[in-house]
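To convert, note that position 351 of the sequence shown is 371 in my numbering; the numbers rise steadily by one, no gaps.
Virtual Cβ for every residue (Gly too), placed ideally from N, Cα, C.
Comments concern the structure below.
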Amino acid sequence: MQTTAVVIGAGHAGLAMSRRLTERSIDHVVLERGEVAHSWRIQRWPSLRLLTPNWLTRLPGLDYAGDDPDGYMPVTGVVATLTRYARLAGAPVRTATTVHALRAAAEGFEIQANDDVLCTRAVVLATGACSLPAIPAVAGAVPRSITALTPLTYRDPGQLPDGGVLVVGASASGAQLAGEIHRSGRPVTLAVGEHVRLPRRYRGRDIFWWLEATGLLAERYDQIDDLTRARHLPSPQLTGTPQATMTDLNALTAQGVRIAGRLGRVIDGVAQFSGSLANTCTLADLKMNRFLNRADEWATASGLDGELPPPHRFALTRVDLRSPLELDLSSGEIATVLWATGFRPDHSWLDIPVRDRTGHIRHDGGVVTGAPGLYILGMPMLRTRASTYIHGAATDTEALADHLYSFLSNQRPWQGIRSPRPSTIISG
Ligand SMILES: Cc1cc2nc3c(=O)[nH]c(=O)nc-3n(C[C@H](O)[C@H](O)[C@H](O)COP(=O)(O)OP(=O)(O)OC[C@H]3O[C@@H](n4cnc5c(N)ncnc54)[C@H](O)[C@@H]3O)c2cc1C
């Protein structure tokens, strides 16, 4: 089979790209190993809610039109939204179609999907940044009697054996799950490394309102000093509860979660935590306040001080000087370790030499380096800081679809490219 372009993955990024290609009358298919929004159906724990507010859950041609713009969507809502988006956009999704190999071919690319081979001029990798857990090597030294979970395999506290839980990693997933598991009655120790502290609300507005209004989310990948660092920034300690509660370390400590430093080593079954917890927390407080200063300056410059409640600052992170430096994992105190240490993409089926030394695909704002016609979407800070979030797909797909269109236009004529037609807005 032959088609002009292939999008791999029917998450929000792949669906948004499909819409952009349709707008440009580029014939294409979207290959999806499961159903639309497969990651949200299979890989997210059921109690998860988006940490981004509903009004920000927008995609090209689809604005949030529900009755709770300031709420936070549950996983079921995300699945319903993406399923509706695929239908309204008429995305040509082939479900239950797994891509097993992608190779360069004489006129573009050859894709092996299930038992078929597809030939195409352009490919968009939209298979997600969070397909696999990123588990540190130290996990290999944890006693085998301890149950190991990740946010991708965690469902609810009932699945855990009785006993204490060590949650490693205090970004969004780790902080949220430490709280949820502790509420189930299990004692939780949270190992905290570098983290991003942000309040849920500030001066009467959701923190994402400030992140967007100040222009921080729109900062471009090619204008950032340390792009590698920006692309590996931990997710903020936020949760999307209907009560808009805080999920920072002070809130977790008040709840009874025991805070420890970064997990460094496990030797003879004993976990050793870094002694620099206080410094790590001071740095997170400083960075939070730096952003709040920027927010206040922006509000003043925009003449909004009269409309908004006055500026204030949050209590510094309280660090218990008795926080543990060691925890004997073979004593029976800890029954489960939850590795909330991040995620990584799975491009193991990609048979084109486009990776760097660390295994990441080399790209310039989503245009894959050294493979004309190959694009990647859905990576953190792909083109702007918003790329990490659902709404960032709007600008990313616009730019990459334009690039893809130009790329095809400069190719020898082949089937599938027609003149662009205007886009329509879907209301839903
Ligand atoms: C725990 C968690 C919470 C998050 N919370 C938020 C939030 O609150 N707000 C926000 O904006 N973002 C959030 N994100 C970030 C981001 O929106 C999600 O990671 C999002 O799912 C990424 O969308 P995507 O379309 O890039 O990838 P995915 O949604 O992962 O979609 C990729 C698709 O590709 C398919 N696929 C993969 N490999 C193949 C293959 N070989 N062949 C065929 N199909 C394949 C998968 O089945 C999947 O359907 C969160 C992420 C995680 C992990």
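Contact under 8 angstroms by Cβ, residue i with residue j
i           : j           : result
residue 33  : residue 406 : no
residue 39  : residue 109 : yes
residue 103 : residue 144 : no
residue 133 : residue 51  : yes
residue 428 : residue 416 : no
residue 217 : residue 304 : yes
residue 176 : residue 355 : no
residue 164 : residue 372 : no
residue 60  : residue 98  : yes
residue 211 : residue 269 : no
residue 219 : residue 266 : yes
residue 276 : residue 297 : no
residue 167 : residue 186 : no
residue 260 : residue 69  : yes
residue 365 : residue 149 : yes
residue 118 : residue 53  : yes
residue 91  : residue 262 : yes
residue 213 : residue 300 : yes
residue 41  : residue 258 : no
residue 349 : residue 162 : yes
residue 385 : residue 242 : yes
residue 192 : residue 363 : no
residue 389 : residue 383 : yes
Extent of the continuous alpha helix (DSSP H) to which residue i belongs
i           : result
residue 202 : 192–203
residue 97  : 95–108
residue 227 : 227–233
residue 128 : Counting along the chain, residue 128 falls outside any alpha helix (DSSP H), though it belongs to the beta strand (DSSP E) covering 128–133.
residue 3   : The chain is shown only over 21 to 448; residue 3 falls outside these bounds and no answer can be derived.
residue 427 : 413–429
Proximity test, Cβ basis, 8 angstroms: residue i and chain C
i           : result
residue 233 : Included in the structure is just one protein chain, with no chain C present.
Backbone CA spacing between residue i and residue j [nearest angstrom]
i           : j           : result
residue 223 : residue 312 : 10 angstroms
residue 190 : residue 308 : 15 angstroms
residue 172 : residue 278 : 23 angstroms
residue 30  : residue 399 : 15 angstroms
residue 431 : residue 234 : 41 angstroms
residue 397 : residue 37  : 9 angstroms
residue 346 : residue 289 : 10 angstroms
residue 227 : residue 202 : 26 angstroms
residue 89  : residue 238 : 21 angstroms
residue 24  : residue 107 : 21 angstroms
residue 319 : residue 325 : 6 angstroms
residue 127 : residue 225 : 52 angstroms
residue 440 : residue 131 : Confidence at residue 440 is low in this model, with a pLDDT of 39, below 50, so its placement is unreliable and the value that follows should be read with caution. Taking the straight line joining both Cα atoms gives about 26 angstroms.
residue 111 : residue 139 : 19 angstroms
residue 35  : residue 105 : 8 angstroms
residue 395 : residue 387 : 5 angstroms
residue 129 : residue 94  : 38 angstroms
residue 368 : residue 28  : 14 angstroms
residue 360 : residue 170 : 6 angstroms
residue 198 : residue 67  : 13 angstroms
residue 231 : residue 291 : 37 angstroms
residue 411 : residue 271 : 28 angstroms
residue 436 : residue 424 : Annotation note: pLDDT 44 at residue 436 (below 50); position unreliable, no value reported.
residue 421 : residue 337 : 44 angstroms
residue 86  : residue 73  : 12 angstroms
residue 179 : residue 294 : 29 angstroms
Run of the beta strand (DSSP E) containing residue i, from where it starts to where it stops
i           : result
residue 359 : 354–359
residue 139 : 136–145
residue 305 : It is not in any beta strand (DSSP E) - residue 305 instead sits in the alpha helix (DSSP H) that spans 297–321.
residue 169 : 167–169
residue 282 : Taken as a continuous stretch (DSSP letters only), residue 282 belongs to no beta strand (DSSP E), as it is neither H nor E.
residue 13  : A question about residue 13 goes unanswered here, because the residues of the chain that appear run from 21 up to 448.
residue 244 : It is not in any beta strand (DSSP E) - residue 244 carries neither H nor E in the DSSP assignment.
Residue i: CB within 7 angstroms of a non-hydrogen atom of ligand 1
i           : result
residue 119 : yes
residue 72  : yes
residue 146 : yes
residue 211 : no
residue 152 : no
residue 25  : no
residue 369 : yes
residue 366 : yes
residue 419 : no
residue 59  : yes
residue 64  : yes
residue 254 : no
residue 251 : no
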